[in-house]
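Peer 1: Got a structure for you, questions after.
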Amino acid sequence: MTVDPWSSANIDDNEIERLIKEFGIERVDDITRQKMLENRFIRRKIIFGHRSLGDIFKAIDSRNSWAVMSGIKPSGPFHLGTLTTALEIVEFQKLGARAYYCIADIESWEDNGIRYEEAEETAVDNLADILALGLDPDPEKAYIWRQSKEPIVKDVCFKVGRLVTQNMVNAIYGEKPFGLYLAALIQVGDIVLPQYRDGPQPTIVPVGIDQDPHIRLTRDLTRRYFSEEKYFLPGATYHRLLPGLDGSDKMSKRNPNSYFTFNEPIDSIEKKVKNALTGGRRNKKEQQELGGEPQNCMIYKILMYHFEPNDDKLKENFEKCVTGQLLCGACKKNAIEKVLAFIKDHEKKKAKLIEKARELLDIR
Ligand code: SF4
1 MTVDPWSSAN IDDNEIERLI KEFGIERVDD ITRQKMLENR FIRRKIIFGH
51 RSLGDIFKAI DSRNSWAVMS GIKPSGPFHL GTLTTALEIV EFQKLGARAY
101 YCIADIESWE DNGIRYEEAE ETAVDNLADI LALGLDPDPE KAYIWRQSKE
151 PIVKDVCFKV GRLVTQNMVN AIYGEKPFGL YLAALIQVGD IVLPQYRDGP
201 QPTIVPVGID QDPHIRLTRD LTRRYFSEEK YFLPGATYHR LLPGLDGSDK
251 MSKRNPNSYF TFNEPIDSIE KKVKNALTGG RRNKKEQQEL GGEPQNCMIY
301 KILMYHFEPN DDKLKENFEK CVTGQLLCGA CKKNAIEKVL AFIKDHEKKK
351 AKLIEKAREL LDIR
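In my numbering, the protein residues as written are 1 to 364.
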């Protein structure tokens, strides 16, 4: 089974089961969940699988350092689909990880043909977004880099490249332009950077399940190239991807109604949430008799992922929906208020952080 990390197709539950079985992803069981209840994505079962979380628990118990690594491809403004990974890195940093955050401008060139200089303003904008979401840039707690300017990631790419064959990349990614294989090796550099730069330490990479091929490649090459250095095999957590707001498979730039960006006018965001697919019935009477289907509802999903911080309220929403006590109109109105309040607050915070982002990326 090959998963294409650059594709716009989502991965359904059957495929997730196959990935778990064929590639050894561990399930987040109740015991694991209990250990990380502070993490909203684990608590709400949005993160369903992992690799090597046990190393992180050991590091926490023995007060050793550990890392969380993530990044963003500066190919456009921050959007609803990018939010999950961004908030996950913030959550892990709050739990004590040093955060390593990469601006994947080599990937945006290889995948989208955006030159490094063109990507700079987007990179500043994207970084200001994640700072506004709570990433603490204090050098003691974070390290931020651009792939094109970071010698370590290029160094690792060349070093591990010697171990990579055409058959390997074909088996993992299928047939792709050479530049994407190169970008995948640069990502290996990103993921081992915390250990290469600051010494062996467990590292967790929060990703959507579609990014597992990069994690497998990195673990394989770390095992083979960095065993003498005693590097930990980089770990990962896996979340389910949010489908498109309009019910399409996945949020995709090709379909602007499937998501909203954080730079979009407020009325456009409002309209998209208003038009989101719900799990409601055909009419009020049916809804009251049969109840809605929150598991198939994008309004419920965006509240669960991002916009309803209170677990009890979320649960109450679910119960009222399935028992027909809640109607979609009122429910949507509440969701729209929450989304717009979040965006307005975010905009205010972000405006104050643009200069900081420029400084951190050394872009004037
Ligand atoms: S009541 Fe709310 S959660 Fe239930 S289906 Fe309608 S919009 Fe979705």
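For each residue, glycine too, the CB sits at the ideal point set by N, CA and C.
For Ile-215 and Pro-200, which I take to be in contact (beta-carbon distance under 8 Å), what is that distance rounded to the nearest angstrom?
Peer 2: Going by Cβ atoms, the distance from Ile-215 to Pro-200 rounds to 18 Å, so no, they are not a contact pair.
Peer 1: Taking the alpha-carbon positions, what's the Cys-297 to Val-164 distance?
Peer 2: About 43 Å.
Peer 1: Quick check: the region 269-287 against the region 334-347, are at least 3 beta-carbon pairs closer than 8 Å?
Peer 2: Flag = yes, the region 334-347 and the region 269-287 touch.
Peer 1: Are the CB atoms of Asn-112 and Ile-72 within a distance shorter than 8 Å?
Peer 2: Not in contact: Ile-72 and Asn-112 (Cβ atoms no closer than 8 Å).
Peer 1: Can you give the Cα-Cα distance for Asp-311 and Pro-194, rounded to whole angstroms?
Peer 2: Whole-angstrom Cα-Cα distance: 33 Å.
Peer 1: Taking Ala-357 as the reference, give the member of Arg-33, Ile-144 and Glu-26 with the closest Cα.
Peer 2: Answer by Cα proximity: Ile-144.
Peer 1: Under the three-state reduction of DSSP, which class applies to Arg-98: helix, strand or coil?
Peer 2: It is a strand residue.
Peer 1: Let's test the definition: count the other Cβ atoms within 10 Å of the Cβ of Leu-360 and tell me whether it reaches 16, buried, or not, exposed.
Peer 2: With 16 or more Cβ atoms within 10 Å of its Cβ, Leu-360 is classed as buried.
Peer 1: Are the Cβ atoms of Gly-49 and Ile-31 separated by less than 8 Å?
Peer 2: Against a cut-off of 8 Å, the Cβ pair of Ile-31 and Gly-49 comes out as no contact.
Peer 1: Quick check: the Cα distance between Gly-96 and Lys-58, rounded to an integer number of angstroms?
Peer 2: Each residue's Cα considered, the two are about 13 Å apart.
Peer 1: Just the Cα atoms here: how many angstroms apart are Phe-262 and Arg-364?
Peer 2: Answer to the nearest angstrom: the Cα atoms are 23 Å apart.
Peer 1: Buried or exposed: Asp-55, going by 16 or more other Cβ atoms within 10 Å of its Cβ?
Peer 2: Asp-55 comes out buried.
Peer 1: Check the C-beta distance from Gln-93 over to Leu-135 and give it rounded, since I have them as a contact under 8 Å.
Peer 2: The Cβ separation is near 7 Å, so the contact holds.
Peer 1: What does DSSP give as the partner residue(s) for Thr-237 in the beta ladder?
Peer 2: Paired residues: His-50 and Pro-206.
Peer 1: State the Cα-Cα distance for the pair Asp-220 and Ser-65, rounded to the nearest angstrom.
Peer 2: Going from the Cα of Asp-220 to the Cα of Ser-65 covers about 23 Å.
Peer 1: Would the C-beta of Gly-324 count as close to the ligand SF4, meaning under 7 Å from any of its heavy atoms?
Peer 2: Not so, every heavy atom of the ligand SF4 lies at least 7 Å from the Cβ.
Peer 1: Check whether the Cβ atoms of Ala-104 and Gln-147 sit closer than 8 Å, and answer yes or no.
Peer 2: Taking 8 Å as the Cβ cut-off, Ala-104 and Gln-147 qualify as a contacting pair.
Peer 1: For the ligand SF4, is there a heavy atom less than 7 Å away from the beta-carbon of Thr-218?
Peer 2: Checking the Cβ of Thr-218 against the ligand SF4 gives no.
Peer 1: In the DSSP assignment, what residue or residues form a beta bridge with Met-69?
Peer 2: DSSP, once it has assigned bridges, lists Tyr-100 as partnering Met-69.
Peer 1: What's the gap between the Cα of Ile-244 and the Cα of Gly-76?
Peer 2: Reading the sequence as shown, one finds Gly at residue 244 and not Ile. In a straight line, the C-alpha of Gly-244 is about 17 Å away from that of Gly-76.
Peer 1: Measuring from the CB of Tyr-305, is there a heavy atom of the ligand SF4 at a distance below 7 Å?
Peer 2: No.
Peer 1: Is Gly-189 near the ligand SF4, judged by its Cβ being under 7 Å from some heavy atom?
Peer 2: Gly-189 Cβ: outside cutoff for every heavy atom of the ligand SF4.
Peer 1: Buried or exposed: Ile-266, going by 16 or more other Cβ atoms within 10 Å of its Cβ?
Peer 2: When all chains shown are included, Ile-266 counts as exposed.
Peer 1: Should Leu-314 and Lys-320 be called a contact, given that it needs their Cβ atoms to be closer than 8 Å?
Peer 2: Their beta carbons are not under 8 Å apart, which means Leu-314 does not touch Lys-320 by this criterion.
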